[in-house]
Amino acid sequence: MKEKAIVLWSGGKDCNLALHLAKEKGYEIIALVTFHSKNTEFRAHPREWMELQSKSLGITHLLIEINEPFAENYEIQLQKLKDQLGISAAVSGDISEVHGNSNWITERAEAVGLKAFLPLWQKNREEVMELLLQCNFEAMLTMVKKPWLTENFAGKRIDQKLLEKFRILGKENGLDLCGEQGEYHTMVLDGPGYRSPIKLENYNLTQLDEMIHLSELKLSLDESYSAPALEKHKTCAKCQKPFSCYTDNCWCAELPLIMPMENSTDCLCPTCLKAAIDEKLKESRQSSITKALKVR
Numbered sequence: 057m058k059e060k061a062i063v064l065w066s067g068g069k070d071c072n073l074a075l076h077l078a079k080e081k082g083y084e085i086i087a088l089v090t091f092h093s094k095n096t097e098f099r100a101h102p103r104e105w106m107e108l109q110s111k112s113l114g115i116t117h118l119l120i121e122i123n124e125p126f127a128e129n130y131e132i133q134l135q136k137l138k139d140q141l142g143i144s145a146a147v148s149g150d151i152s153e154v155h156g157n158s159n160w161i162t163e164r165a166e167a168v169g170l171k172a173f174l175p176l177w178q179k180n181r182e183e184v185m186e187l188l189l190q191c192n193f194e195a196m197l198t199m200v201k202k203p204w205l206t207e208n209f210a211g212k213r214i215d216q217k218l219l220e221k222f223r224i225l226g227k228e229n230g231l232d233l234c235g236e237q238g239e240y241h242t243m244v245l246d247g248p249g250y251r252s253p254i255k256l257e258n259y260n261l262t263q264l265d266e267m268i269h270l271s272e273l274k275l276s277l278d279e280s281y282s283a284p285a286l287e288k289h290k291t292c293a294k295c296q297k298p299f300s301c302y303t304d305n306c307w308c309a310e311l312p313l314i315m316p317m318e319n320s321t322d323c324l325c326p327t328c329l330k331a332a333i334d335e336k337l338k339e340s341r342q343s344s345i346t347k348a349l350k351v352r
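Residue numbers for the sequence shown follow our numbering, so the first one is 57 and each next one is one higher.
Structural data, given as structure tokens:
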């Protein structure tokens, strides 16, 4: 039986390559997971682009918000994914330490009993980029950062010609060939597993301090693909009974949307949620009656 895994997802070249290598290794990929903070603006990695990737790849994409304390909440969310989806591993496209820090996902995964699969970890930069091209990934620079790169590089596709320019800049200004220190970011348009390439029909460039990124994107897919719904196994926070919910067409979508929901995590079972909604509706009606009496 294949090991089930999630892939930590930004939509860029490294996570796409890691996804491909994980499949070759024999992992069954259950979901693409993007952890983000409340203030994440997705400039380099647009959400609509990631959603189209999910549809083309046929793998569900989950957006999960993480707030402080980040390490603790990251582990909480990984534990929930482990319990709900039955995964045993988390796949990451990390290549090396950033600013001398240890590998974040390895530490967080091990804390909850998950294996971290990092197929690109500590690989030679040249080897990573050559592998990307050998696998026929079509990756585009969606954000570039001065002083390493100018706005002329934004929107370019990674090919041998661009890599040669990167090698020259590496000698001149220290540009990392893979952009590991934030010199540039990418999104993938096509590659192994994509049933249809993503088309970027139009975009503008926006500068924010030293960064220039693609904005006002017009994206499309040739086919109307969709990602499968995931069944999440949960335990009711109130009655402790097990129940299931789904990433698409879930039973809770038929209920009034008046209850605060924790993003993509545990909630109440159908019975307890309906009871809680009824109570909220009663409180709302009573509040309205009280206000009306005061006005009179």
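The beta carbon of each residue, even a glycine, is placed where N, CA and C say it ideally should be.
Quick one: give me the first and last residue of the beta strand (DSSP E) that Ser-300 is part of. For the purposes of this step, residue 300 is identified with residue 244 of the sequence shown, where counting begins at 1. Run containing Ser-300: 298-302, per the beta strand (DSSP E) assignment.
In terms of alpha-carbon separation, which member of Thr-262, Ala-283 and Arg-223 lies closest to Ala-100? Locating residue 100 in the sequence shown gives position 44, counting from the first residue. Measuring from the Cα of Ala-100, the nearest candidate turns out to be Thr-262.
Comparing C-alpha positions only, which one of Ser-271, Glu-310, Cys-325 and Lys-274 sits nearest to Cys-292? Counting from 1 along the sequence shown, the entry for residue 292 is found at position 236. Nearest option by C-alpha distance: Cys-325.
Give me the DSSP bridge partner(s) of Tyr-130. Taking the sequence shown and counting its residues from 1, the one referred to as residue 130 is at position 74. Looking at the DSSP assignment, Tyr-130 forms no beta bridge with any residue, so it has no partner.
Helix, strand or coil at Lys-227 [DSSP, three-state]: Residue numbering aside, residue 227 sits at position 171 when the sequence shown is read from its first letter. The answer is helix: DSSP assigns Lys-227 an H, G or I state.
Skipping 5 residues on each side, what residues in its chain have a beta carbon closer than 7 Å to that of Asn-129? Along the sequence shown, one-based indexing puts residue 129 at 73. For Asn-129, where only same-chain residues beyond five positions count, the Cβ hits under 7 Å are Ile-122 and Asn-123.
Please classify Pro-102 as buried or exposed, where buried requires at least 16 other C-beta atoms within 10 Å of its C-beta. By 1-based counting over the sequence shown, the position of residue 102 is 46. It counts as buried.
Of the listed residues Leu-88, Tyr-83, His-92 and Asn-159, nearest to Gln-109 (C-alpha basis): The residue you call residue 109 lines up with position 53 of the sequence shown. Checking every option, the nearest Cα to that of Gln-109 belongs to Leu-88.
Look at Leu-58 and Glu-84 and say whether their C-beta atoms are less than 7 Å apart. In the sequence shown, the residue the question calls residue 58 occupies position 2. In the sequence shown, the residue the question calls residue 84 occupies position 28. Before going further, note that residue 58 is Lys rather than Leu in the sequence given. A contact, by the Cβ cut-off of 7 Å.
Which residues in the same chain as Thr-321 place their Cβ atom closer than 6 Å to its Cβ, once the five residues preceding and following it in sequence are excluded? As a position in the sequence shown, residue 321 is number 265, starting the count at 1. With a pLDDT of 45 at Thr-321, under the threshold of 50, the modelled position of that residue is not reliable, and the figure given next carries that caveat. Residues Lys-136 of the same chain have their beta carbon placed closer than 6 Å to that of Thr-321, with the five preceding and five following residues left out of the count.
Contacts around Glu-153, its chain only, beta-carbon distance under 8 Å, and the 5 residues preceding and following it disregarded: One-based indexing of the sequence shown puts residue 153 at position 97. These residues qualify, in order along the chain: Asn-159.
DSSP state of Lys-138 mapped onto helix, strand, coil: Indexing the sequence shown from 1 puts residue 138 at position 82. Lys-138 falls in the helix class under three-state DSSP.
Would you tell me roughly how many angstroms separate the C-alpha atoms of Leu-256 and Thr-327, rounded to the nearest one? Translated into positions along the sequence shown, residue 256 becomes position 200. Translated into positions along the sequence shown, residue 327 becomes position 271. Rounded to the nearest angstrom, the two C-alpha atoms are 45 Å apart.
Is the number of C-beta pairs between the region 141-150 and the region 158-177 that are closer than 8 Å three or more? yes
Work out the CA separation of Trp-105 and Tyr-259 for me, nearest whole Å. Taking the sequence shown and counting its residues from 1, the one referred to as residue 259 is at position 203. Taking the sequence shown and counting its residues from 1, the one referred to as residue 105 is at position 49. Rounded to whole angstroms, Tyr-259 to Trp-105 spans 13 Å at the Cα level.
With a 10 Å radius around its C-beta and 16 neighbouring C-beta atoms as the bar for buried, classify Thr-116 as buried or exposed. The residue you call residue 116 lines up with position 60 of the sequence shown. With 16 or more Cβ atoms within 10 Å of its Cβ, Thr-116 is classed as buried.
In chain order, each beta strand (DSSP E) run of at least 3 residues that lies wholly inside the region 164-223: If you keep only unbroken beta strand (DSSP E) runs of at least 3 residues inside the region 164-223, you get 171-173 and 194-201.
Thr-90 versus Leu-134: straight-line alpha-carbon distance, rounded: In the sequence shown, counting from the first residue as 1, residue 90 sits at position 34. In the sequence shown, counting from the first residue as 1, residue 134 sits at position 78. Roughly 12 Å between the two C-alpha positions.
Residue ranges of each beta strand (DSSP E) within the region 250-309, 3 or longer: 254-264, 267-277, 287-291 and 298-302
Shortest alpha-carbon distance to Asp-246 belongs to which of Ser-276, Asp-304 and Arg-223? Reading the sequence shown from its first residue, position 190 is the one you call residue 246. It is Ser-276 whose Cα lies nearest to the Cα of Asp-246.
I'd like to know whether the C-beta atoms of Ile-214 and Leu-176 end up nearer to each other than 7 Å. Position 158 of the sequence shown, counting from 1, holds the residue named residue 214. Position 120 of the sequence shown, counting from 1, holds the residue named residue 176. Using a Cβ distance threshold of 7 Å, Ile-214 and Leu-176 do not count as a contacting pair.
Looking only at DSSP bridge pairs, what is Lys-60 linked to? Within the sequence shown, numbered from 1, the residue matching residue 60 stands at position 4. Partner(s): Glu-84.
Looking at the strands, I want to know which residues DSSP matches up with Ile-120. What you label residue 120 is simply residue 64 of the sequence shown in a count that begins at 1. Answer is Phe-91, bridged to Ile-120.
Leu-75 by DSSP, collapsed to three states: which one? If you number the sequence shown from 1, residue 75 lands on position 19. In this structure, Leu-75 counts as helix in the three-state DSSP scheme.
Taking a contact to mean a Cβ-Cβ separation below 7 Å, would you say Lys-111 touches Ala-331 in this structure? On the sequence shown, position 55 is the one that residue 111 refers to. On the sequence shown, position 275 is the one that residue 331 refers to. No, these two residues do not count as a Cβ contact at 7 Å.
Please state whether DSSP places Thr-96 in a helix, a strand or coil. As a working note, residue 96 is residue 40 in the sequence shown. Three-state DSSP puts Thr-96 in coil, outside helix and strand.
On a CA-only basis, which of Val-147, Asp-278, Ile-161 and Met-185 is nearest Lys-69? Give me that one, please. Reading the sequence shown from its first residue, position 13 is the one you call residue 69. The shortest C-alpha separation from Lys-69 is found at Met-185.
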